[in-house]
């Protein structure tokens, strides 16, 4: 993962998240997401939302959704709907 393998970074992030090491998980998700791994961008969005940063979560979900991640598209739509913004959901 440290050598720039985005899928390895994604999987390491998931392992760390399951262990409750959320800050470190977020770091690895960010690494993978910046390298174009849509699933990592989606996972990062959930970590950010759970930490109370909906704006940053929306940015990463949008990026993941644009790369074809259906979970991110659903999360982004739910966020917009919860905010009363159904036209963007």
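In this note's numbering, the protein residues as written are -1 to 87.
Glycine included, every Cβ here is placed at the ideal spot set by N, Cα and C.
None of these values were measured; they are calculated from a predicted model.
Three-state secondary structure (DSSP) of residue i
{"i": "residue 83", "result": "coil"}
{"i": "residue 52", "result": "helix"}
{"i": "residue 22", "result": "helix"}
{"i": "residue 34", "result": "coil"}
{"i": "residue 75", "result": "helix"}
Straight-line gap, residue i to residue j (C-alpha atoms, nearest Å)
{"i": "residue 34", "j": "residue 24", "result": "15 Å"}
{"i": "residue 87", "j": "residue 46", "result": "Bear in mind that a pLDDT of 49 at residue 87, under 50, signals an unreliable position, so the model cannot answer this."}
{"i": "residue 58", "j": "residue 13", "result": "20 Å"}
{"i": "residue 29", "j": "residue 38", "result": "8 Å"}
Limits of the unbroken alpha helix (DSSP H) element including residue i
{"i": "residue 11", "result": "4 to 16"}
Which listed residue (the options) has its alpha carbon closest to that of residue i
{"i": "residue 71", "options": "22, 11, 44 and 82", "result": "44"}
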